[in-house]
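First comes the structure, then the notes that go with it.
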Amino acid sequence: MKRKTFQTPSLIAWLGTAVCLLAVGCSGGGSTDDLRQSVHGVIYCGAHPLKSGGVRFEPVDQGSAAETVSAPINSSGEFQLETDGGMGILPGHYRVIVLDEQGSAEGEVKNRLGQIGRYGDTGHLAHVVANANNEFRFQMAGPDGARDMPEGE
């Protein structure tokens, strides 16, 4: 009886195919990290930037993989969203909520001139787009109910 032996070229081809299939199957194709977009902007209260607090982006599409993300607002009214230690959020539609320092959406807010507005749902929706400059400027009503942004904004 003749013994069957594997020939080196066919064994290498078979192993190469197996490694490729394994790599494709284990590549984490379901990961959303590469899809995250940088998002930043400024929150205004009346005509002046908000001087403290936070902003929260809540996904509007309930079935999406997007998650709620919050960021602090600095003394210039600016924010930058981060997710799981990385920059950005998934593309999609988000409801924009302004928060006080304790993370509440209830109560009063002051802009840089000390004028008072209200925290909460700004009524704004943000559409985060893939491969775009996702910079937003959101306007909250000021003390007199006005939503006037500074000239050129």
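Numbering of the sequence shown is given in the working numbering, commencing with residue 5 and proceeding in unit increments. C-beta: ideal position from N, C-alpha, C; glycine also. The structure presented is a predicted model; accordingly, all values stated were derived computationally and were not measured.
Beta-carbon to beta-carbon, residue 41 and residue 77 are separated by about 19 Å, too far to satisfy the 8 Å threshold. Inter-residue distance for residue 73 and residue 85 is about 7 Å (C-alpha atoms, whole angstroms).
Relative to the Cα of residue 103, the nearest Cα in the group 48, 53, 57 and 39 belongs to 57.
Beta-bridge analysis with DSSP links residue 74 to 60.
The C-beta separation of residue 95 from residue 54 comes to about 26 Å, leaving the pair out of contact by the 8 Å criterion. In the DSSP assignment, residue 138 falls within the beta strand (DSSP E) that extends over 138-144. The continuous beta strand (DSSP E) containing residue 103 extends over residues 96-103.
In this structure, DSSP gives residue 39 a helical state, which the three-state scheme calls helix.
Listed as beta-bridge partners of residue 132 by DSSP are 96.
The beta carbons of residue 43 and residue 138 sit about 5 Å from each other, so the pair counts as a contact at 8 Å. In the structure shown, residue 50 adopts coil according to DSSP, grouped into three states.
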